[in-house]
Amino acid sequence: MLRKKLLTHDQHAILNAKDSLTKSALLQYVSVLVVGIGFGVVLTKSEVISWFRIQRMFRFEEAHVYLVMGSAIVVGAIGLWILKRLQLKSLQGETIKIKEKPFQKGIIFGGLTFGMGWAITGACPGPIYAQLGSGEFLALITFAGAWIGSYLYAYMRPYLPH
Amino acid sequence: MDWVFQPWPWYVSGPLIGLSVPALLLLAGKTLGVSSSFRHLCSIATPNAQLTYLRENLWRKEVWNLVFVLGILIGGWVATQFFGATVGGYLPDHYDTWGGGLLLLVGGMLVGFGARYADGCTSGHAIMGLANLRWPSLVATVSFFAGGLLMTALLGLFI
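Residue numbers (the numbering used here), protein chains in the order written: chain A, 54 to 215; chain B, 14 to 172.
See the structure below:
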């Protein structure tokens with residue numbers, strides 16, 4: 054009798070843990086979706102998803118995109134500094150870990166290639182998605198291209214200097 | 014409230030974009046980045062791919078990244094529906110031809126290839142990496158702009 058009770062108690066504990074785990078995972082996805090929506094709204098409303106704005110940036114005719122990116126970096130840096138300083142944890146209760154991207158030659162070669170594509174398409178990856186959402190259907194071509202380009206990288210990776 | 018429906022100035026939009034860096038870390042423990050979503054899409058589209066880069070990609074652990082880019086897509090729509098952003102018109106008409114479309118496709122390929130080769134794009138390197146004061150991301154950002162300036166000059170010569 055007692056043993057049965059203990060078992061059910063354990064099962065309850067497991068069930069509860071599972072329940073809170075899925076709840077926390079759901080909350081995590083909802084948060085990511087909300088931040089993503091905000092990110093997309095701001096990209097679109099600031100018009101950094103516009104090919105014309107990117108052209109004017111690369112032609113040094115307008116400071117808008119430089120200022121958007123510059124202020125984003127400054128605010129992001131202050132935010133990170135505060136997170137580190139206060140040793141804040143994520144909503145999931147985990148220590149905040151920032152994914153590091155170590156140096157390799159691809160940062161230069163890939164970076165140059167990426168920049169060339171950026172000047173042609175007027176869109177880096179984030180704006181490609183925002184352009185699609187805002188009803189710019191030509192961006193489907195950019196999207197398809199970026200997909201093919203990622204395959205090309207996957208295929209050529211063993212032969213490229215890193 | 015009228016300003017909401019106008020294009021947002023840099024001092025509103027830039028800081029908001031910057032806030033997404035700590036917001037993602039705090040709310041979800043995730044590092045801002047967009048272009049790895051293309052790697053995941055490749056892995057999902059060809060689950061039996063023999064290519065190491067796709068086979069060894071644990072995309073099931075990175076589903077959040079796909080949720081994030083889905084959010085960006087929805088955000089583009091939200092901006093047009095509720096914040097007065099124009100529907101379409103973000104690319105010039107000369108891409109709406111066979112030749113222009115081909116150029117756009119090649120441009121997209123350069124973006125996808127380059128972003129994966131550099132292990133990050135404007136969000137992962139220029140915003141996230143620089144906000145984290147990482148020198149490889151500075152090299153990446155300088156390379157992005159060098160490539161962009163070069164192509165802009167080339168296009169100016171040839172078109």
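Glycine residues also receive a C-beta, built at the ideal position from the N, C-alpha and C atoms.
| Query | Result |
| --- | --- |
| Contact the stretch 139 to 156 of chain A vs the stretch 119 to 127 of chain B: 3+ CB pairs below 8 Å | no |
| Contiguous alpha helix (DSSP H) assignments of at least 4 residues, all confined to the stretch 71 to 119 of chain A | 104 to 111 |
| Contact list for Y204 (chain A) against chain B, beta-carbon separation under 7 Å | C55 |
| Sub-7 Å separation of V47 (chain B) and G202 (chain A) beta-carbons | no |
| Selected residue, minimal CA-CA separation from D132 (chain B), among A:G93, A:H215, A:I194 and A:F113 | A:H215 |
| Buried or exposed (CB count within 10 angstroms, at least 16 for buried), P35 (chain B) | buried |
| Chain-order list of residues whose beta-carbon lies under 8 Å from that of L117 (chain B) (same chain, five-residue window excluded) | L104 and Y108 |
| Buried or exposed (CB count within 10 angstroms, at least 16 for buried), N61 (chain B) | exposed |
| Best match in B:G142, B:G101, B:L163 and B:M141 for proximity to F190 (chain A) [C-alpha to C-alpha] | B:G101 |
| Cross-chain neighbours of K152 (chain A) in chain B, by beta carbon under 8 Å | T44 and G46 |
| Test: Q81 (chain A) CB closer than 7 Å to a CB of chain B | yes |
| Environment of Y206 (chain A) [buried if 16+ CB atoms lie within 10 Å] | buried |
| Under the three-state DSSP convention, the category T110 (chain B) falls into | coil |
| Cross-chain neighbours of T135 (chain B) in chain A, by beta carbon under 8 Å | M122, W171, C177, P178 and G179 |
| Separation of Q108 (chain A) from G161 (chain B), as counted between CA atoms | 9 Å |
| Proximity below 7 Å, CB of L64 (chain B) to CB of M141 (chain B) | no |
| Where G112 (chain B) meets chain A, residues with beta-carbon distance less than 8 Å | Those within 8 Å of G112 (chain B) in chain A number zero; the least Cβ separation is about 12 Å. |
| Beta-carbon proximity of G114 (chain B) to I102 (chain A), cut-off 7 Å | no |
| Per-residue DSSP class, three states only, for K137 (chain A) | helix |
| 7 Å Cβ cutoff, N61 (chain B) in contact with chain A | no |
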